[in-house]
Amino acid sequence: MTGTVHRVPGPDLLTHRDGIRQVYATAFAQPPWHSRPAHADDYLERLAGDTGRPGFTGAVALDGDQVVGFATAWTTETPLPATRSYPHVSAALGAERTAAWLCGGLEVDELAVAPGAHGRGLGRALLDEVTRDAPGGRCWLLTSVKAEATVRFYERLGWHQATRPAPNGYGTAVFLGPHHPARSAVLPPAPGA
């Protein structure tokens, strides 16, 4: 692996804000995200508040002094909030599974590696760094099923898609981490899916 991954506590992650902004802008510019540079600015504003969340952890991948990747995670609120994509998640999993599988677990919010740094193992290392302390292995994330390479990446690392099809055709699916105790309860994809 070329580059090093460092765990960065809470607000200290913001010392890397310019590099994180650049990675966010380039990593999410392509389909299916179609992110514009202004979205990277919006993300940095959100990140400033997110660093104060319970259980927040962050990690950066550095090539020398240059940020080439980052990841963030935090403890999922109980009950699951009614903001962002969470209502779709709750509808797809149902209240009981949402509470048992997600609430109180570690939610990976963002994982991004600059396109020029792909293939170095940095995505895996970042993901491992922010999920290593997941309570009882209970970590999860949301991603777009339209991001086929991203979905394959998580599957190669042992993550299991828990919502099939993606909630309400929204295109976002829940993935449970490789040590999540509920992963054995996840239904396999339908034949031909």
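In terms of my numbering, the sequence shown opens at residue 72 and continues consecutively. Virtual Cβ for every residue (Gly too), placed ideally from N, Cα, C.
Next on the checklist: Let me check understanding here. Comparing Cα to Cα, which of L115, G242, R235 and C174 lies closest to E181?
Outcome noted: If we check each option's Cα against that of E181, L115 comes out closest.
Item to check | Residues of its chain near R78, where Cβ-Cβ distance is below 8 Å and the 5 sequence neighbours each way are ignored | outcome: Closer than 8 Å at Cβ, skipping near neighbours: T128, G129, A130, E200 and V201.
Next on the checklist: Buried or exposed, going by whether 16 or more other CB atoms sit within 10 Å of the CB of S255?
Outcome noted: A residue is called buried once 16 or more other Cβ atoms fall within 10 Å of its Cβ, and S255, having fewer, is exposed.
Checklist entry - If you count every other CB in all the chains shown that lies within 10 Å of the CB of E226, and 16 or more means buried, which is it? => result It is exposed - the Cβ of E226 has fewer than 16 other Cβ atoms within 10 Å.
Checklist entry - Where DSSP assigns a beta bridge to S215, which residues make up the other side? => result Note: S215 sits in a beta bridge opposite T243.
Next on the checklist: Tell me the rounded alpha-carbon separation between F246 and L164.
Outcome noted: For F246 and L164, the gap between their C-alpha atoms comes out near 12 Å.
Checklist entry - Between the beta-carbon of Q96 and the beta-carbon of P82, is there less than 9 Å? => result One point to set straight first is that residue 96 is Ala, not Gln, in the sequence displayed. Cβ distance not < 9 Å, so A96 and P82 don't count as in contact.
Checklist entry - Could you give the distance in angstroms between the alpha-carbon of A205 and the alpha-carbon of D89? => result So the alpha carbons of these two residues sit roughly 28 Å apart.
Next on the checklist: Taking the beta strand (DSSP E) that Y77 belongs to, which residues open and close that run?
Outcome noted: Before going on, a small fix: residue 77 reads as His here, not Tyr. Counting along the chain, the beta strand (DSSP E) containing H77 begins and ends at T75 to V79.
Checklist entry - Would you call the CB atoms of A132 and A220 closer than 9 Å? => result Cβ distance not < 9 Å, so A132 and A220 don't count as in contact.
Next on the checklist: Can you give me the C-alpha to C-alpha distance between P102 and A142, rounded to a whole angstrom?
Outcome noted: Approximately 20 Å between the Cα atoms of the pair.
Item to check | Of the residues V257, A100, P80 and L213, the one placed nearest G126, counting alpha carbons only | outcome: Closest by alpha carbon: P80.
Checklist entry - What does a CB cutoff of less than 7 Å around W230 pick up in its chain, not counting 5 residues either side in sequence? => result Correct list, in chain order: F246, L247, G248 and P249.
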